[in-house]
Every structure is written in structure tokens, then in C-alpha cells.
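**Student:** For the sequence shown, numbering that gives the first Met the number 0 begins at 0 and goes up steadily by one. Yeah, the Cβ is synthetic: ideal placement off N, Cα and C, and Gly gets one too. First the structure, then my questions, so here it is.
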Amino acid sequence: MEHKALSLSDFDLRPTPCRMEVLGLLQSHDYALSQGDIEHQLSSQFDRVTVYRTLKSFLSQGLIHKVLDDIGGIKYALCKELCHQGGHAHQHDHVHFKCDQCGQTTCLELVHIPSISLPENFTKKESNLLIQGVCNLCNQV
0 MEHKALSLSD FDLRPTPCRM EVLGLLQSHD YALSQGDIEH QLSSQFDRVT
50 VYRTLKSFLS QGLIHKVLDD IGGIKYALCK ELCHQGGHAH QHDHVHFKCD
100 QCGQTTCLEL VHIPSISLPE NFTKKESNLL IQGVCNLCNQ V
């Protein structure tokens, strides 16, 4: 999956060594990564607190979004252009798919969460929909 080349400066973030490495790691994967996955791959370069602060900065600036896992964990994925389209507020109302075989969680940006009418005085902040099954790559095996 191709991503538009992202620049930290586009998100008002200074290009620190950790930020550059975390961004590169996220860009090199077509699926969401947990903080543990990121820490594991960068453990020789950065401590856990630095990685945590980097992810927190990326979240607050809209560079990444959280993906809820089926076991209550959180993974992180790069926001795509669709998250910012049309000048609307930053949103991630798309489906996430977790493969039961390989364990990867993928954003399905073009599959939107259906509109849900909420009861009076309920205000939606965001929607999360996780579908589980077997991904396209594991289905080819």
C-alpha cells in the first residue's frame, strides 16, 4: 500500500531522531503497530518514554490514530489523506480488520462505518469497528 510522503513539518512537529525513526517504521508497514512493536524495533536507539512521547505527539497532531484491538490493546496507524479530506475535522470513521491467522490489523479506509442514530443527548466523538477474519494475504496461502 502506498502512502503519500509525509513530512513532520506538515504536522507542526520538529524532526527529532526518534520521530523520524518512528515515522519511517510506521510508513514501512501496511498494518497497525502496537507501542510494544515499535519499542521492540527501536529499543537499541530510544527508551520507552521517548517512544511513548513520540506517539503521543503524533496522535495530538493528527499524524496517526489509535486502532483498538480485539483484546483491549491499542495499536497505531498512519492517518491517510481520507482522515483529513475536504477540510473537515480529523476523523477515522473507517473499518479496521484483524486477521486471525497473521494477527495484523489493517485500516480499510474505503469501508466506512455505517451511520448510527444515537438517542437524544448522546454526542458521537468517534466510532470504532473491528472486523475479524482472514486477510487477503493469508487467504492466498
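Who does Cys134 pair with in a DSSP beta bridge?
**Tutor:** In DSSP, Cys134 forms no bridge with anything.
**Student:** Going by the CB atoms, is the gap between His93 and Val110 shorter than 8 Å?
**Tutor:** Yes, they are a contact pair.
**Student:** Have a look at Thr49, Cys78, Ser33 and Ser42 and flag the residue whose alpha-carbon is nearest the alpha-carbon of Thr104.
**Tutor:** When only C-alpha atoms are compared, the closest one is Ser33.
**Student:** Candidates Glu38, Phe121 and Lys74: which alpha carbon is nearest Phe141's?
**Tutor:** With the chain represented from 0 up to 140, any question about residue 141 goes unanswered, as that position is not in the structure.
**Student:** What do you get for Leu117, buried or exposed, if any count of 16 or more other CB atoms within 10 angstroms of its CB means buried?
**Tutor:** The residue in question, Leu117, is exposed, as its Cβ has fewer than 16 Cβ neighbours within 10 Å.
**Student:** Under 6 Å Cβ to Cβ from Gly132, same chain only, skipping five residues before and after it: list those, please.
**Tutor:** Taken in chain order, the list of residues that qualify is empty.
**Student:** Got a sec, what are the start and stop residues for the beta strand (DSSP E) Lys55 sits in?
**Tutor:** It is not in any beta strand (DSSP E) - Lys55 instead sits in the alpha helix (DSSP H) that spans Arg47 to Ser59.
**Student:** At what residues does the alpha helix (DSSP H) containing Glu20 begin and finish?
**Tutor:** Looking at the DSSP string, the run of the alpha helix (DSSP H) that includes Glu20 is Pro16 to Gln26.
**Student:** Note the first and the last residue of the continuous alpha helix (DSSP H) segment covering Ile63.
**Tutor:** First-last for Ile63: Ile63 to Leu67, but that is the beta strand (DSSP E), not the alpha helix (DSSP H).
**Student:** Strictly by DSSP, which residues pair up with Cys144?
**Tutor:** Because residue 144 is not part of the residues shown, which for the chain are 0 to 140, the question remains open.
**Student:** How far does the beta strand (DSSP E) with Ile112 in it reach, from first residue to last?
**Tutor:** Premise fails: Ile112 is in no beta strand (DSSP E) and is neither H nor E.
**Student:** Out of curiosity, what's the CA-to-CA distance linking Cys137 and Asp99?
**Tutor:** Cα to Cα, the separation comes out at about 9 Å.
**Student:** Flag this pair as yes or no: are the beta carbons of Arg52 and Glu38 separated by less than 8 Å?
**Tutor:** The answer is no: Cβ separation not under 8 Å.
**Student:** Give the C-beta separation of Asp69 and Leu128 to the nearest angstrom, bearing in mind that I take them to be a contact with Cβ-Cβ under 8 Å.
**Tutor:** The Cβ separation is near 12 Å, so there is no contact.
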